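Read in order, the letters of the sequence shown correspond to residues 0 to 205 in numbering that gives the first Met the number 0.
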Amino acid sequence: MNILLNRNENKVQIGKVDNSFYKLLLTVFKILFYLLSLSISSKIKFYIPFSPVPFTFQMLVIFFIIFSENRKLAFLSILSYLLSGFLSFPAFAQNIGFQALLGPTGGYILGFLFTSFLADENGINVKKEKYYYKKSKQNILTILTIKGLLAIFIVYLFGFLGLLRFTNPKNAFIIGILPFILFDLYKLIICLFIFSKLYYKKEIKG
0 MNILLNRNEN KVQIGKVDNS FYKLLLTVFK ILFYLLSLSI SSKIKFYIPF SPVPFTFQML
60 VIFFIIFSEN RKLAFLSILS YLLSGFLSFP AFAQNIGFQA LLGPTGGYIL GFLFTSFLAD
120 ENGINVKKEK YYYKKSKQNI LTILTIKGLL AIFIVYLFGF LGLLRFTNPK NAFIIGILPF
180 ILFDLYKLII CLFIFSKLYY KKEIKG
């Protein structure tokens, strides 16, 4: 009897180790995936003549991170992106290393990190979200919309403060915020559409 109990205990312990190892691998994979996604999206860029700040698709990745991951993983993913750029990997849209923080886009880069606090503490709870959808399809979209708008505000705030090193407040708003509002709102709408379809399918299957 004792032998059987010991075997069962060993199996349980092995199962726990395997599960922990799997979770660790999944976490590392997600962090690397988001790091690469942020780096690649920073390279898809274009400029307008009067602004030193490029249009990129990084906010699209930021939305996906804060909408789908828990707060800790979101923070680590964006922090890893920042650290890779500071270590001179070509992760940022313009300068590399700590010079990026001193450039016109430095404020936006720091702002990315603070958007991670908008992510849910425990990530997506499928049962909870399905309940929201059954109760009202607009509930989850309202929550995500508010998070997305707050993320835009945070990035713009840090970007605006960073640009004050180079110009006055009025000009910082004109070159660093005004041209990007519609572009970022469009990216937010894309994310909301994708997540609305995702939750709708979960609700139907449930």
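Glycine included, each C-beta is placed from N, C-alpha and C at the ideal position. Because the structure is a prediction, the values reported are computed rather than measured.
- [ ] Decide if Leu-34 is buried, meaning its Cβ has at least 16 other Cβ atoms within 10 Å, or exposed.
- [x] buried
Open item on the list: Which of the three DSSP states is assigned to Tyr-185 in this structure?
Closed with: helix
Open item on the list: Assuming contact is defined by CB atoms lying nearer than 7 Å, are Ala-264 and Ile-65 in contact in what I supplied?
Closed with: Outside the displayed span of the chain (0 to 205) sits residue 264, for which this structure offers no information.
- [ ] May I ask which residues mark the beginning and end of the alpha helix (DSSP H) holding Arg-70?
- [x] 70-85
Open item on the list: Going by DSSP in three states, Phe-194 sits in which element: helix, strand or coil?
Closed with: helix
- [ ] Look at the Cβ atom of Phe-91, then the Cβ atom of Ser-41, and state whether they are nearer than 7 Å.
- [x] yes
Task: Straight-line gap, Ile-43 to Phe-192 (C-alpha atoms, nearest Å) - done: 22 Å
Open item on the list: Just to confirm, is the Cβ distance from Phe-61 to Ala-150 under 7 Å?
Closed with: Phe is not the amino acid found at residue 61; the sequence shown has Ile there. In this structure, Ala-150 lies closer than 7 Å to Ile-61 by Cβ.
TODO: Mind checking who Phe-45 pairs with in its DSSP beta bridge?
DONE: Phe-54
TODO: Starting from the Cα of Leu-72, find the closest Cα among Arg-164, Phe-157 and Asn-121 and give me that residue.
DONE: Asn-121
Open item on the list: Suppose the cutoff is 8 Å on Cβ atoms and the five residues either side in sequence are ignored; what does the same chain contact list for Thr-166 look like?
Closed with: Ile-174
Open item on the list: Measuring straight from C-alpha to C-alpha, what distance separates Tyr-21 and Lys-169?
Closed with: 51 Å
Open item on the list: How far does the alpha helix (DSSP H) with Thr-114 in it extend, from its first residue to its last?
Closed with: 105-114
Task: CA-to-CA distance, Ser-19 to Phe-28, given in whole angstroms - done: 14 Å
Open item on the list: Suppose the cutoff is 7 Å on Cβ atoms and the five residues either side in sequence are ignored; what does the same chain contact list for Thr-26 look like?
Closed with: Leu-72
- [ ] Go ahead and label Leu-181 buried or exposed: buried means 16 or more other beta carbons lie within 10 angstroms of its beta carbon, across all protein chains shown.
- [x] exposed
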